[in-house]
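Take a look at the structure set out below.
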Amino acid sequence: MNIELNSQRPVVYRPYRLSYHEREKVREMIDEMLEAGIIRESTSNYASPIILVRKKNGGVRLCVDYRLHNSLTVKERYPIPIIEDEVARLSGQAWFITLDLMSGYYQVPIAEESKHLTAFVTPDGHYEYNRMPFGLANAPAVFQRMMNHVLGQARFSKATVYLDDLLIFGVTPFECITRLEEVLRLLENAQLKLNLSKCSFLQTKIDYLGYEISAAGMRPGSAKIQSVVDFPLPKNVHNVRQFLGLVSYFRKFIQSFAQIAYPLTKLLKKNSMWEWTTVQQDSFDILKSKLVERPVLALYDPTAETELHTDASKIGIGGILLQRPMGSQDPFHPVAYYSRQTTPEERNFHSYELETLAVICALKKFRVYLLGKPFKVITDCSALRSTFEKRDLIPRIARWWIALQEFDCHIEYRPGTKMGHVDALSRNPTYDTDSTDHVRYPPVLVISDEDWLLTLQLGDPELCRIRDIVSSKLDPKGLAYVRDNYVLKDNKLFRCIDGDKENVRWVVPKGARWQLCKMNHDDIGHVGYEKTLERMKKSYWFSKMKRFIKKYVSACIDCAYAKKAANGREGLLHPIEKVAIPFHTLHIDHLGPFVKSKRGFTHTLNVVDSFTKFLFIKPVRSTSTKNVINALQDIFDIFRAPDRLISDRGSCFTAHAFRRFCLERGIKHVLNAVASPRANGQIERYNRTILDCLIAQNLRDNEKEWDNKIGKLQWGLNNTIQKTTGKTPAEIMFGTAMNSEVKPALNAVVNDTHRVTDLTDLRTEVKEKIDEAQAVQKERYDRNRHAARTYSKGDLVKITKVAFQGKGQSTKLMPSYEGPFKVIKVIGSDRYRVAPIAGFEGMKGKRKTTVAADRMKPWIHVASLCLDESENEQSDTESIE
């Protein structure tokens, strides 16, 4: 083997990390390969990493990750034999012998000048191959060239070899034995060794390269069509839809497809009654026969454009090999079908692993058609395309992708809606007798859901008693109820619905109720109560099933965290009382950040008087506590300290220094409930107005001069009539209107017209208007809401999670709630003080906080749900005693 790369840049990787036990195994295998002369120590500037993959017998195999190496390799164009030509040469032969080489690739030497290119690195050393390793891109072509060279002229008249499939043929047993002796001598001269356990001698019928060959002639191998021939008889509308998905993909090749399929498509219509008569059976049989006969099932053409379509599901994997003439725009024709059931272990695989398994199994099945030629693998798993570039693969995937390296293919993604033909095979798999997986897992060990339920039925004393009553021919008084409502079919106990012996459901023993709820709720995406009930009652029945399912779904922890409540909006409006005294209550908040101004300001601290609506806008350089205190002190020095100050829970307002500042001045500081901006709505509404006005004023000016507009904006808002009070904030604060800056000549007229002599009457009038406005706002807010649930001290609750989206992050899949928290104080006005509970995951770092009732839900108390025998359900056998 000679290796040529199209790049002079060495392929270099650091060794993948291995555990101590794995490193010991690698050292043992390296020593064995060194002793056998397969590898040698290396000083090459190339270094591909190794991967340890698990073998079927539980051992491990050392493989080299040559993916990057193969992408740079100049591909050999040595011709792979044409399958049709090789098979045609066997016409008239009656006896056959197949031979298998022992570790075939290791029997091919590597050219001295190419050995350094095969170098690989382990955590303990650097080595290179003397013999051809598995996983190199050109290995199949080199192996075919070697076998052709070894057999020489014998491969034309006495034997045929397709890669590692070496076949000797003859008309008589004597002729076959004579040719065997000659071939063995050729192999001996080449110093090649055979694996006797995998050789077979003097067979009269063999499967070779996808064909069944015997003295009677040759025909396509049954494995090519067995998946369609054994397609199970549809039992419901879902099965019919799957079958039509398979055949519809090839409808262009089936004459009068619509007419043939009409009896089946009629079953898919809405409100159509399910029926399976001879009409549907004939349509089903005709369509299956059309799929496995020409012109649908085409003969393999080595020069044609080739695609392999694969799909996987929990119950099976499937693949279809398709071809069309090179350069043609005709539709692809199927060449062969493949499907098999998944083993119990494989059903636990991740969907990505299942899709990869489907590709590898299909490649193994159609290996004789695909080796040595470029082709596409079409799958509905988009993640498979990126696997070629992954550095760290789990051992199972690594073993599969190492096996893929001998093929010249690339992965193409296609949506699942366009893969219905192969999806039908994966969801209706047949038993693959050629699969080694089924040798390890015999069919008797594949336990279905029905088998599982039957074993639990047989172990339930109550259901055993019902079975005895139903199966007994005696008719004691009082047993008619059981006989009328239960029936045994195939030794399985069913419940008759509405007394109809044909409309029956599985009777679920108590030991299986939790598992069935998990299968129909947790395992399919945590659907709601109604969907879970609808799924289960189609096939199952047990006493008080609705109540059990409802409580099970209500007790689901994952749903408690993830799902938002579907009931109406909770919590009524609790307006803040407006005392008719200026500076009794102030609302404060920051607005920003803005572009840093020339004077260094980045935010504004906005302060509004609750009663007069008088506004203060203070530019600040940051939102630190120090800047807040300085800005407030300026205001308090001119007016006075308020009785009450309302803010959100920004760090500057919760700091110890700010609490001390308020305490020293006798200010009652009220912090909003978390994520409840309506509690500080006065300033939140002003923030929006201030921001809109700043944007409009600064459109034509330097953005770094926004702070120069603050004074004029503040004056304008304080001297504009407020909708609720009907007066300007300045007039309510000072008892008189301010001078006009727009037309100073009008100031005299304005002052004479709007001068207020009785400030008490003005503020009384304003107080009445504010009260009326608050009543209207409360009525409008409460119109579509209901009173909030009340909680008591000590209750456990969950609270809605506040999602803060970072750069490049999505909050779509974040849980809706977090908790549990304990209520430690009832504050009033639907607000509660809650504290995290130590020991729960995710509670570390959480602090006590105040939460509004509309952001709270009761925590789940599983013990209070009485989900099992504690409900004192009365069984059917108890009712007849």
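Those letters in the sequence shown? Residues 4 to 884, by this note's numbering. Beta carbons: idealized from backbone N, C-alpha and C, even for Gly.
Item: According to the neighbour-count rule (16 or more other Cβ atoms, all chains shown, within 10 Å of its Cβ), is residue 667 buried or exposed?; Value: exposed
Item: Assuming residue 824 is part of the beta strand (DSSP E), what are its boundary residues?; Value: 820-831
Item: Near residue 290, which residues of its chain fall below 7 Å by C-beta distance, leaving aside the five closest residues on each side in sequence?; Value: 250, 263 and 264
Item: Run through DSSP, which three-state label would residue 961 get?; Value: In the structure as shown, the chain begins at 4 and stops at 884. Residue 961 is therefore absent and cannot be evaluated.
Item: Note down, one range per segment and in chain order, each beta strand (DSSP E) of at least 3 residues found wholly within the stretch 626-657.; Value: 647-650
Item: Where does residue 68 land, buried or exposed, given buried means 16+ other C-beta within 10 angstroms?; Value: buried
Item: Per DSSP, what kind of secondary structure is residue 903 in: helix, strand or coil?; Value: No statement about residue 903 is possible, as the shown extent of the chain runs from 4 to 884 and does not include it.
Item: Can you tell which of 284, 591, 614 and 648 has the C-alpha that lies nearest to the C-alpha of residue 626?; Value: 591
Item: On the criterion of 16 or more Cβ atoms from any shown chain inside 10 Å, does residue 382 qualify as buried, or is it exposed?; Value: buried
Item: Give me the residue from 782, 799 and 177 with the minimum Cα distance to residue 841.; Value: 799
Item: Here's a check: name, in chain order, each residue in its chain whose Cβ is nearer than 7 Å to the Cβ of residue 752, leaving out the five neighbours to either side.; Value: Summary for residue 752: the model assigns pLDDT 49, below 50, so the residue's position carries little reliability, and this model does not support an answer.
Item: For residue 313, count neighbouring Cβ atoms within 10 angstroms of its own Cβ and tell me buried if that reaches 16, exposed if not.; Value: buried
Item: Taking the straight line between their C-alpha atoms, what separation do you get for residue 183 and residue 89?; Value: 18 Å
Item: Residue 66 lies in the beta strand (DSSP E); which residues open and close that run?; Value: 63-67
Item: Using the three-state DSSP reduction, which class does residue 335 fall into: helix, strand or coil?; Value: coil
Item: Cα-Cα, which of 734, 727 and 731 is closest to residue 775?; Value: 727
Item: Within a Cβ cutoff of 8 Å, which residues of the same chain sit near residue 354, ignoring the five residues on either side of it in sequence?; Value: 315 and 384
Item: May I have the straight-line CA-CA distance separating residue 417 from residue 673, to the nearest angstrom?; Value: 58 Å
Item: Please check the pair residue 615 and residue 735, which I expect to be a contact at CB under 8 Å, by giving their CB distance rounded to whole angstroms.; Value: 4 Å
Item: Across which residues does DSSP place residue 341 in a beta bridge pair?; Value: 322
Item: Using CA atoms only, rank isn't needed, just tell me which of 617, 654, 597 and 832 is closest to residue 722.; Value: 617
Item: Can you give the Cα-Cα distance for residue 369 and residue 160, rounded to whole angstroms?; Value: 26 Å
Item: Hey, would you say residue 497 sits closer than 9 Å to residue 485, going by beta carbons?; Value: no
Item: Could you compute how far the alpha carbon of residue 98 sits from the alpha carbon of residue 170?; Value: 10 Å
Item: Which of the three DSSP states is assigned to residue 235 in this structure?; Value: coil
Item: I'd like the span of the alpha helix (DSSP H) that includes residue 278, first residue to last.; Value: Per DSSP, residue 278 belongs to no alpha helix (DSSP H) and is neither H nor E.
Item: List the DSSP bridge partners of residue 859.; Value: 802
Item: Excluding the 5 residues preceding and the 5 following residue 863 in the sequence, name in chain order all residues of the same chain whose CB lies nearer than 6 Å to its CB.; Value: 558 and 563
Item: With DSSP run on the structure shown, which of helix, strand or coil describes residue 179?; Value: helix
Item: Counting Cβ pairs closer than 8 Å, one from the stretch 44-55 and one from the stretch 328-345, do we hit at least three?; Value: no
Item: Closest by CA to residue 886, which one among 584, 144, 610 and 594?; Value: Outside the shown range of the chain (4 to 884) lies residue 886, about which nothing can therefore be said.
Item: Helix, strand or coil: which one does DSSP assign to residue 786?; Value: coil
Item: Report the residue from 293, 196, 177 and 208 whose alpha carbon sits nearest the alpha carbon of residue 232.; Value: 293
Item: Taking the alpha carbon of residue 288 as the reference point, which residue from 706, 347 and 243 has its own alpha carbon closest?; Value: 243
Item: Who are the near neighbours of residue 326 in its chain, counting only those whose CB is closer than 8 Å to its CB and skipping five residues on each side?; Value: 301, 303, 304, 307, 308, 309, 310, 335, 336 and 338
Item: Considering only the alpha carbon of each residue, which of 516, 321, 74 and 209 lies closest to residue 363?; Value: 321
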